[in-house]
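A.B. asks:
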Ligand code: IPE
Ligand code: IPE
Ligand code: MG
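Numbering (my numbering), first residue to last: 37 to 262.
This is the structure:
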């Protein structure tokens with residue numbers, strides 16, 4: 037598997053079960069992401085995309101939104117050395133313009149300084165699959181006012197056209213929906229759903245997801261020849 041994508045869900049319920057504030061669930065979620073990056077590298081995966089904040093998540097309380105943004109900013113500041121040392125290329129996919137100028141600057145800096153990494157961590161931030169398709173369509177029209185749209189020419193305007201489509205998309209916390217994640221890119225992705233809450237996601241869960249993926253027959257619409 038080249039590209040794993042994860043809808044990291046269940047931080048709030050994890051905190052609630054412990055009578056803690058939602059933000060402590062998000063902090064535990066950030067630790068889970070740290071672990072999972074290592075599992076991915078051990079498994080030879082080249083790209084990890086994680087859904088960290090959706091275009092719809094702006095509707096949450098001001099306190100939760102600003103807490104999440106602070107958490108992201110501190111992730112960026114505290115992780116740089118480790119990411120560089122481990123050859124991790126950091127990217128953000130999403131409507132970056134929605135983020136504060138300060139956070140945008142921090143993101144651009146880390147993206148630039150980790151450019152050489154061979155393992156990509158793509159963080160979906162202010163990301164929506166519909167927003168991505170609309171943004172790409174608008175950009176495409178600006179660049180190609182006279183042509184007919186094709187899948188290939190359209191693809192080039194997605195947030196990260198150089199990243200291959202995800203092979204497997206994992207969602208934690210028992211919800212069985214995509215919540216607007218990677219709509220275009222997931223056309224032929226496999227899905228794996230688990231009831232485990234994101235902060236509890238550990239190596240055993242990771243291995244289960246990969247084992248399940250290993251048993252799938254990916255036909256991409258074709259049929260295997262006998
Ligand atoms: C996922 O956890 C992280 C974000 C959406 C930022 P939630 O915050 O959605 O956790 P639940 O779904 O309320 O448990
Ligand atoms: C999806 O989770 C977004 C992220 C994990 C960042 P949500 O918790 O926001 O999605 P819904 O509300 O359950 O669909
Ligand atoms: Mg949720």
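Ideal Cβ positions, reconstructed from N, Cα and C, are used throughout, including at glycine.
1. Using the beta-carbon of each residue, find all residues closer than 5 Å to any heavy atom of ligand 1 and list them in chain order.
2. Please say whether residue 220 and residue 165 have beta carbons closer to each other than 8 Å?
3. On the criterion of 16 or more Cβ atoms from any shown chain inside 10 Å, does residue 73 qualify as buried, or is it exposed?
4. Exposed or buried, what is residue 47 when buried is set at 16 or more other beta-carbons lying within 10 Å of its beta-carbon?
5. Cβ of residue 43 versus every heavy atom of ligand 2: is any distance shorter than 7 Å?
6. Can at least three beta-carbon pairs, one atom from the segment 79–89 and one from the segment 192–204, be found at a separation below 8 Å?
7. When every heavy atom of ligand 2 is checked, does at least one fall within less than 7 Å of the C-beta of residue 237?
8. Going by DSSP, which residues form a beta bridge with residue 157?
9. Considering only residues of the same chain and omitting the five flanking positions on each side of residue 49, which have a CB-CB separation below 7 Å?
10. When the Cα of residue 150 is compared with those of 230, 124, 162, 172, which residue comes out closest?
11. Could you check which residue in 223, 213, 152 has the C-alpha nearest to that of residue 187?
12. I want to know whether the segment 59–77 touches the segment 139–147 - three or more CB-CB distances under 8 Å.
13. Where are the alpha helix (DSSP H) runs, 4 residues long or more, that stay fully inside the segment 212–245, in chain order?
14. Does the pairing of the segment 169–188 with the segment 108–119 give three or more beta-carbon distances under 8 Å?
15. Can you grab the Cα-Cα spacing for the pair residue 252 / residue 65, in whole Å?
16. Residue 75 by DSSP, collapsed to three states: which one?
17. When you compare only the Cα positions, how much space is there between residue 182 and residue 167?
18. Which residue wins for smallest C-alpha separation from residue 132, given the options 152, 158, 180, 114?
C.D. replies: Based on what the coordinates show:
1. Result (chain order): 45, 46, 47, 48, 49.
2. Here residue 165 refers to the residue found at position 129 when the chain shown is read from its first residue. Here residue 220 refers to the residue found at position 184 when the chain shown is read from its first residue. It is a contact, given that the beta carbons lie within the stated cut-off.
3. Taking the first residue of the chain shown as position 1, residue 73 is located at position 37. Its Cβ being crowded by 16 or more others within 10 Å, residue 73 is buried.
4. One-based indexing of the chain shown puts residue 47 at position 11. Its Cβ being crowded by 16 or more others within 10 Å, residue 47 is buried.
5. For the purposes of this step, residue 43 is taken as residue 7 along the chain shown, with counting starting at 1. Ligand 2 has a heavy atom closer than 7 Å to the beta-carbon of residue 43.
6. Contact holds: three or more Cβ-Cβ distances are below 8 Å.
7. Position 201 of the chain shown, counted from the first residue, corresponds to residue 237. Outside the cutoff, so no.
8. As a working mapping, residue 157 is identified with position 121 in the chain shown. DSSP output for residue 157 lists 84, 126 as bridge partner(s).
9. Mapped onto the chain shown, residue 49 falls at position 13. Take residue 49, set aside five residues on each side of it, and the residues of its chain with a beta-carbon closer than 7 Å to its own are 209, 233, in chain order.
10. Numbered from 1 along the chain shown, position 114 holds the residue referred to as residue 150. When each option's Cα is compared against that of residue 150, the closest is 124.
11. As a working note, residue 187 is residue 151 in the chain shown. Here the closest residue by C-alpha is 223.
12. Touching, no, given that fewer than three Cβ pairs across the two stretches are closer than 8 Å.
13. Entirely contained in the segment 212–245, not one alpha helix (DSSP H) run reaches 4 residues.
14. Short answer: they don't touch.
15. For the purposes of this step, residue 252 is taken as residue 216 along the chain shown, with counting starting at 1. For the purposes of this step, residue 65 is taken as residue 29 along the chain shown, with counting starting at 1. So the alpha carbons of these two residues sit roughly 28 Å apart.
16. One-based indexing of the chain shown puts residue 75 at position 39. DSSP, read as helix, strand or coil, puts residue 75 in helix.
17. Start at 1 with the first residue of the chain shown, and residue 182 comes out as number 146. Start at 1 with the first residue of the chain shown, and residue 167 comes out as number 131. Answer to the nearest angstrom: the Cα atoms are 23 Å apart.
18. Taking the first residue of the chain shown as position 1, residue 132 is located at position 96. Distance from the Cα of residue 132 is smallest, within the candidate group 152, 158, 180, 114, for 158.
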